[in-house]
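*Asks:* Here it is, the structure, as structure tokens.
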Amino acid sequence: MVKIKGCYACGGCVAVCPKGAIKLNDEKAEIDLEKCISCKICEKVCPLGLINIDKLMENKMIKEMRND
Amino acid sequence: MIKKDFYDVIVIGAGPAGSTTAKFTLKNNKKADVLVLDKHAEIGSPKRCGEGLGARAFRELNIPKDPRFINKEIYGFVVYSPNRTLVKVRYDNSSGYIIERKIFDKFLASESARAGAEVCSNVFASLWKENGKILGVKAKEFGEERKIKAKIIVAADGVDSRIARDAGINSTLNPIHLDSCIEYEMINIRIDEPDLIHLFMGNKIAPRGYLWIFPKDDDRANVGIGILGNETKTAKYYLDKFIKEHEFLEKGSILEVNVGAVPVGGLLKELVKENVLVVGDAARQVNPLHGGGIYEAMSAAKIAGEKIAKVIEENNTLILKDYEREWWSTHGEKLKKVLKIRNFAEKLSDEDMNYLAKIWSGEDLTELSRGKHVEVFKKALKHPKLFTLIKKFI
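For the record, the sequence lines run as chains A and B.
For the first sequence, the tail end lands on 557 under the working numbering, and the numbers increase by one without skipping.
For the second sequence, the tail end lands on 407 under the working numbering, and the numbers increase by one without skipping.
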């Protein structure tokens with residue numbers, strides 16, 4: 490689960506995610522990268538352009554590599 | 014703190030849809046046990062709204078003209094085409110009001126409480142399912158979770174509704190059925206005719222949407238924009254650009270920043286699943302042309318409340334489907350027509366919009382927002398380019 494920094498919890502990304510991978514938690518959008526299929530629809534709907542799926546996936550990989 | 018472990022009805026969301034559903038449930042069945050929950054510590058805040066509400070809503074839903082939630086009385090509107098051709102109408106009587114959602118929403122929640130509902134803010138609710146059966150909600154407050162049983166659950170939890178989805182209703186929105194929005198409440202701006210609302214259109218100004226100035230005072234207004242959800246550039250980009258290019262706004266200060274997403278289409282065919290009923294933004298009950306949802310939420314909630322009251326009295330959940338049937342045959346069909354008009358408007362170039370602004374009046378636009386397009390479209394048939402497009406819609 491990754492929190493989106495600077496998010497105002499408008500809920501747009503939650504509504505459009507075809508996999509239901511995004512939730513609002515404590516007034517921030519949270520993306521479950523395991524469920525995410527990188528369709529990037531959420532990137533376009535965010536009024537502030539805060540979501541970068543490639544970057545989030547990259548960070549996830551880096552974290553996992555560090556843990557190995 | 015939630016007082017009981019079991020209720021007839023649990024309403025999730027204390028916005029206009031949720032509070033109104035609770036109120037009308039109790040107005041039609043005084044003995045109903047109704048709980049209304051809202052995840053926000055303060056009901057109604059932050060606002061995700063331009064705060065405009067038409068006079069018709071006040072009349073039909075018996076909303077009092079309480080000065081505590083009325084900022085400004087509005088007497089009409091000005092729509093600006095891309096080259097600033099005006100479509101203006103000023104009525105003798107007020108056509109609407111710019112309200113204060115922070116106070117209005119609390120007022121509606123208070124009304125539901127006065128009708129007999131228990132209202133609890135600061136509680137996050139999710140669906141409680143066991144062995145495929147919906148038993149109630151899991152309510153989280155101050156870090157602690159409790160299970161509360163309910164016969165009926167009302168999903169009034171907004172555009173980002175999870176309850177409807179968890180109940181098995183597919184409410185995922187296609188991004189073309191979403192408007193990505195941002196708004197600044199601004200002070201020290203110069204507004205010509207602050208007793209009218211101002212709407213700016215244009216593919217470079219607000220792609221598949223519009224920019225609005227809704228005056229709350231003579232020098233204060235909600236300045237916001239809604240654009241196609243699928244657009245490459247952000248809503249913030251378009252709003253900031255417009256403000257920068259217009260001195261009367263550029264000199265203003267910002268009192269509040271609001272970010273929102275408005276469902277404009279994607280009307281749910283399935284509004285009831287087993288013992289879960291969906292209403293308001295969660296049900297995509299919003300006018301797809303102008304994005305107004307308060308009237309749609311409250312009028313749908315009135316129907317929902319009536320049916321829920323009957324369900325409890327006769328102990329028969331099947332009656333919930335009557336809400337779906339009645340809403341669709343009245344408001345739903347109308348919104349479907351408005352969506353068709355919106356689909357037409359989407360295809361207009363800036364040049365088309367400039368032409369239509371010359372031949373259409375303010376009254377024509379009002380008719381379109383109500384789904385009455387035939388006579389209005391006929392006026393535009395003389396334009397050779399629009400002829401083919403319009404013919405499809407008549």
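The C-beta atom is built at its ideal place from N, Cα and C for all residues, glycine as well.
Small disclaimer: the values here were computed from a predicted structure and weren't measured.
Between residue 182(B) and residue 22(B), how many whole angstroms is the CB-CB distance? I'm expecting something under 8 Å.
*Replies:* In fact, because the Cβ distance is near 18 Å, the residues do not count as touching under 8 Å.
*Asks:* What's the C-alpha gap between residue 308(B) and residue 144(B)?
*Replies:* Taking the straight line joining both Cα atoms gives about 38 Å.
*Asks:* Residue 531(A) and residue 551(A): beta carbons closer than 9 Å?
*Replies:* no
*Asks:* For residue 9(B), which residues from the same chain have a beta carbon less than 7 Å from its beta carbon, with the 5 sequence-adjacent residues on both sides left out?
*Replies:* It is not possible to answer for residue 9(B), since the shown part of chain B is limited to 14 through 407.
*Asks:* Strictly under 9 Å for the Cβ-Cβ distance: is residue 504(A) near chain B by that measure?
*Replies:* yes
*Asks:* At a CB-CB cut-off below 9 Å, which residues of chain B make contact with residue 551(A)?
*Replies:* The premise fails here: residue 551(A) is roughly 27 Å from chain B at the closest Cβ pair, so nothing lies under 9 Å.
*Asks:* Excluding the 5 residues preceding and the 5 following residue 378(B) in the sequence, name in chain order all residues of the same chain whose CB lies nearer than 7 Å to its CB.
*Replies:* 92, 100
*Asks:* Output yes if chain B places a C-beta closer than 9 Å to the C-beta of residue 510(A); else output no.
*Replies:* no
*Asks:* Ends of the alpha helix (DSSP H) at residue 116(B)?
*Replies:* 114-127
*Asks:* Threshold first: 4 residues or longer. Then list the alpha helix (DSSP H) segments lying entirely within the segment 130-195 of chain B, N to C.
*Replies:* 176-179
*Asks:* Can you list, in chain order, the residues of its chain with a C-beta nearer than 8 Å to that of residue 81(B)? Leave out the 5 residues immediately preceding and following it.
*Replies:* 113, 116, 120
*Asks:* Do residue 539(A) and residue 496(A) count as a contact pair if the criterion is CB distance below 9 Å?
*Replies:* Contact flag set, yes.
*Asks:* Do the segment 191-209 of chain B and the segment 227-243 of chain B touch if we need at least three Cβ pairs shorter than 8 Å?
*Replies:* yes
*Asks:* Rounded to whole angstroms, what's the CA-CA distance from residue 251(B) to residue 130(B)? Just pull it up for me.
*Replies:* Roughly 43 Å between the two C-alpha positions.
*Asks:* Closer than 9 Å, CB to CB, is residue 493(A) near chain B or not?
*Replies:* No, because no Cβ of chain B sits closer than 9 Å to the Cβ of residue 493(A).
*Asks:* Can you have a look at residue 387(B) and say buried or exposed, based on whether 16 or more other CB atoms are within 10 angstroms of its CB?
*Replies:* Its Cβ having fewer than 16 others within 10 Å, residue 387(B) is exposed.
*Asks:* Rounded to the nearest angstrom, what separates residue 167(B) and residue 24(B) at their Cα positions?
*Replies:* 5 Å
*Asks:* For residue 198(B), write down the residues that DSSP places opposite it in a beta bridge.
*Replies:* 235(B), 269(B)
*Asks:* Examine chain B for any beta-carbon lying closer than 9 Å to the beta-carbon of residue 535(A), and answer yes or no.
*Replies:* yes
*Asks:* How many angstroms separate the CA atom of residue 333(B) from the CA atom of residue 398(B)?
*Replies:* 47 Å
*Asks:* Check the C-beta distance from residue 194(B) over to residue 239(B) and give it rounded, since I have them as a contact under 8 Å.
*Replies:* Their Cβ separation, rounded to whole angstroms, is 4 Å, which keeps residue 194(B) and residue 239(B) in contact under 8 Å.
*Asks:* Kindly say whether residue 178(B), judged by its beta-carbon, lies nearer than 9 Å to any beta-carbon of chain A.
*Replies:* Closer than 9 Å: yes.
*Asks:* Taking the beta strand (DSSP E) that residue 51(B) falls in, what are its first and last residues?
*Replies:* Neither: residue 51(B) is in no beta strand (DSSP E) and is coded neither H nor E.
*Asks:* My assumption, with CB atoms under 8 Å, is that residue 208(B) sits in contact with residue 88(B). Please give the rounded CB distance.
*Replies:* 5 Å
*Asks:* If you follow the beta strand (DSSP E) that residue 258(B) is part of, which residue opens it and which one closes it?
*Replies:* Segment 248-258 is the alpha helix (DSSP H) holding residue 258(B); no beta strand (DSSP E) there.
*Asks:* Look at the alpha carbon of residue 298(B) and the alpha carbon of residue 313(B), and state the distance between them as a whole number of angstroms.
*Replies:* 8 Å
*Asks:* Please say whether residue 56(B) and residue 84(B) have beta carbons closer to each other than 9 Å?
*Replies:* no
*Asks:* Would you tell me roughly how many angstroms separate the C-alpha atoms of residue 45(B) and residue 163(B), rounded to the nearest one?
*Replies:* Straight-line measurement puts the Cα of residue 163(B) at about 12 Å from the Cα of residue 45(B).
*Asks:* Would you mind working out which of 506(A), 507(A), 549(A) sits nearest residue 490(A), comparing C-alpha positions?
*Replies:* 549(A)
*Asks:* For residue 172(B), which residues of its own chain have a beta-carbon under 6 Å away from its beta-carbon, when the five flanking residues on both sides are left out?
*Replies:* 274, 276, 294
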